[in-house]
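Enquirer: One structure follows; several queries about it will come next.
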Amino acid sequence: MPEKYQNFIDGKWVDSESRETFENRNPANWEEIVGVFPKSGKEDVEKATESAVAHRDEWANLPVPERGLILGKAGDIMVEKKEKIAKLMTREMGKILKETRGDTQEGIDTAYYAFGESRRLYGVTSPSELPNKTIYTIVKPIGTAGIISPWNFPMAIPTWKIFPALLMGNTIVFKPATDTPATATKFVEILDEAGVPKGVVNLVHGPGSVVGEAILEHPDIGVISFTGSSAVGRRIAEVAGKNLKRVSLELGGKNPQIVMPDANIELAVEGVLWGAFGTTGQRCTATSRLILHKDIHDEFIDILIKKAKELKIGDGLLESSDVGPIINETQLKKILNYVEIGKQEGAKLAFGGNHLTGKEYDKGFFMEPTIFTGVEAGMRIEQEEIFGPVLSVIKVSSFEEAIEVANDVEYGLSSSIYTANLQYAMAAIDKLEAGLTYINAPTIGAECHMPFGGFKNTGNGHREGGKWPYEVFGEIKTVYIDYSGKLQKAQIDTDITK
Ligand code: NAD
């Protein structure tokens, strides 16, 4: 019998009101049901929000360092459970164990960051323009935060949002992706075990079109933190805008790696293999475009293909696998369709492109790492987020052309350049339109204490990571204390022009 999971509302594990369920299956072996989950509706979001509102004061009234201690404890529990979580995550979304351990570690790092931040939520104090007057700021919670997360980082991304939201004193309604509800449930269990009071964190499983929409529309949810596709992000911005809700959006990417002739070629090949095919290319920061200078193009492609052939595709639970399956059948079909589009557009399929079948692969959704050469700027495979192991190689004649191609997309999340020339490196840092720029390193590999997010259609200007999300989840209050004993008028008493 597959394991049965539930929603977590008002501190109790419960079925959905409708009792409907959905299955979560292993993308490496579709016959394996990882768990059965409640297919919730609007009424479940209503209950979850009622609980979140009812427990606001209890949580917000705890001193911040006390909230921090609880979140630090959650980090300790995650350390104990790291291996179990990683295995479950690999079973439900496919990426290899090395990466699911990393995903869990990012959650641990984020817990400890929140613990540290709990004694550092500094405000601003400032001199006043008037005598005998003091000015400073404090930060209050917004109230209840709606958290909507994608499937590709099932632990890291929810922790990036929920730890800051909780530390700032908010209560939570959390809807994880339907492809990764089990890892999300483990995270909520850990928060409960660590001592977050009952009712503060509420978990509602179910489809975005129902549960997600109900969160967006709910008048008692004051801030939405969302990571996912730009299409859904636009919809969220629209609804949140209509209701004047604060919203933080982290969306798609089409990330370039540039390689100049003076680069260390072996290192640049290693970088692109990891950037393009790690997590089976299913990362918002995945290297989906390789921009090669013409002087090293042919040599680079030869080495790249030779190395790509050595990658072992397989079940992520096997330590021998380098690349796991695609998340589900719909996504596999979408990626294979992009392979057809690439061929029709006139790009050369230089490596891979096939759905893998046969004994080892028949039960899952596996495909070969895929490399297109001869890709022209403007082709669909060069512009659109494929979210799979497909790399488009564009040949350029100069540094200036490389930058122009790199920037000519709607997204601006990550970027990379391999070069030994300091002038190229510094100019790339200046010119690349992306929230992240790596020098002599791949487009993936963000660290939890630094800001993470993108320019252009990758988001709406907020950042996750480090201290930045704490701003998303707080309301600033400016306090003026006048101890002069008389009415003082700003801008009027101090008018030096009179
Ligand atoms: P998705 O947009 O399909 O879904 C994300 C979440 O939104 C899921 O929980 C889904 O159920 C929910 N959702 C769907 N429709 C909704 C609606 N109408 N209202 C409210 N919620 C709704 O994305 P995905 O397939 O889970 O993830 C892949 C995408 O996420 C890619 O585009 C990738 O680039 C992006 N991503 C971005 C970052 C980043 O930090 N920039 C990180 C990881 C993934």
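According to our numbering, the sequence shown holds residues -11 to 486 in order. Yeah, the Cβ is synthetic: ideal placement off N, Cα and C, and Gly gets one too.
1. Which partner residues of methionine 355 appear in the DSSP bridge assignment?
2. Could I get the ranges of all uninterrupted alpha helix (DSSP H) runs contained in the stretch 446 to 478, with 4 residues as the minimum, in chain order?
3. Taking the C-alpha atoms as reference points, what is the distance between isoleucine 469 and valine 378?
4. Beta carbon of glutamate 94: closer than 7 Å to some heavy atom of ligand 1?
5. Does the beta-carbon of proline 15, which I'm using as the reference point, lie nearer than 7 Å to any heavy atom of ligand 1?
6. So the candidates are Ile(-3), Phe288, Ser308; which of them puts its Cα closest to the Cα of isoleucine 253?
7. Kindly examine ligand 2 and report whether one of its heavy atoms sits closer than 7 Å to the Cβ of tryptophan 1.
8. Does DSSP classify proline 244 as helix, strand or coil?
9. Could you tell me the distance, in whole angstroms, from the CA atom of isoleucine 417 to the CA atom of glycine 221?
10. Measuring from the CB of valine 220, is there a heavy atom of ligand 1 at a distance below 7 Å?
11. Under the rule that 16 or more other beta-carbon atoms within 10 Å means buried, what is glycine 546, buried or exposed?
12. So what's tryptophan 1 in DSSP terms, helix, strand or just coil?
13. Which same chain residues end up closer than 8 Å to valine 176 when comparing Cβ atoms and leaving out the 5 residues on each side of it in sequence?
14. Pick out the complete alpha helix (DSSP H) segments inside the stretch 280 to 329, 4 residues or longer, and give them in chain order.
15. Rounded to the nearest angstrom, how far is the Cβ of tryptophan 137 from that of threonine 215, given a contact under 8 Å?
16. Taking only runs that begin and end inside the stretch 141 to 217, name each unbroken alpha helix (DSSP H) of 4 or more residues, in chain order.
17. Measure the CB-CB distance between isoleucine 405 and valine 381 and report whether it falls below 8 Å.
18. CB of cysteine 272 to nearest heavy atom of ligand 1: below 7 Å?
19. So, for valine 127: in the same chain, excluding its five sequence neighbours on each side, which residues have a beta-carbon less than 6 Å away from its beta-carbon?
20. Give the secondary structure of asparagine 395 by DSSP, where H, G and I count as helix, E and B as strand, and everything else as coil.
21. Starting from the N-terminal side, write out each stretch of the alpha helix (DSSP H) that is 4 residues or longer and does not extend beyond the stretch 89 to 143.
22. Taking 7 Å as the cut-off, is the CB of serine 217 close to at least one heavy atom of ligand 1?
23. So what does lysine 444 bridge to, in DSSP terms?
24. Would you check whether ligand 1 has a heavy atom nearer than 7 Å to the C-beta of threonine 275?
25. Heavy atom of ligand 1 less than 7 Å from the Cβ of glycine 240, yes or no?
26. Where does proline 26 fall in DSSP's three states?
27. How far does the beta strand (DSSP E) with phenylalanine 10 in it extend, from its first residue to its last?
Expert: Here's the rundown:
1. Note: methionine 355 is bridge-paired with His343 in the DSSP secondary-structure output.
2. For the stretch 446 to 478, whole alpha helix (DSSP H) runs of length 4 or above, ordered along the chain, are 456 to 460.
3. Cα-Cα distance, rounded: 60 Å.
4. No, ligand 1 has no heavy atom inside 7 Å of this Cβ.
5. Not one heavy atom of ligand 1 sits closer than 7 Å to the Cβ of proline 15.
6. Selected option, being the one with the closest Cα: Phe288.
7. Annotation note on ligand 2: not contained in the displayed structure, which lists ligand 1 as its ligands.
8. Correct three-state label for proline 244: strand.
9. Going from the Cα of isoleucine 417 to the Cα of glycine 221 covers about 27 Å.
10. Yes, ligand 1 has a heavy atom inside 7 Å of this Cβ.
11. With the chain represented from -11 up to 486, any question about residue 546 goes unanswered, as that position is not in the structure.
12. Strand.
13. In its chain, beyond the 5 residues on either side, Phe(-4), Phe162, Val189, Leu191 have a beta carbon closer than 8 Å to the beta carbon of valine 176.
14. Along the length of the stretch 280 to 329, whole alpha helix (DSSP H) runs at least 4 residues long occupy 285 to 298, reported in chain order.
15. According to the sequence as given, residue 137 is serine; it is not tryptophan. About 6 Å separates the two Cβ atoms, so the contact holds.
16. Segments of the alpha helix (DSSP H) lying fully in the stretch 141 to 217: 144 to 155, 169 to 182, 201 to 205.
17. Isoleucine 405 places its beta carbon 8 Å or farther from that of valine 381.
18. Cysteine 272: yes, Cβ under 7 Å from ligand 1.
19. Cβ within range, chain order: Gly462, Ile464.
20. Asparagine 395 falls in the helix class under three-state DSSP.
21. Whole alpha helix (DSSP H) segments, 4+ residues: zero.
22. Checking every heavy atom of ligand 1 against the Cβ of serine 217, one is found closer than 7 Å.
23. Answer is Tyr399.
24. Answer for threonine 275: no, Cβ out of range of ligand 1.
25. At least one heavy atom of ligand 1 is nearer than 7 Å to the Cβ of glycine 240, so yes.
26. Of the three classes helix, strand and coil, the one that applies to proline 26 here is strand, per DSSP.
27. First-last of the beta strand (DSSP E) with phenylalanine 10: 9 to 14.
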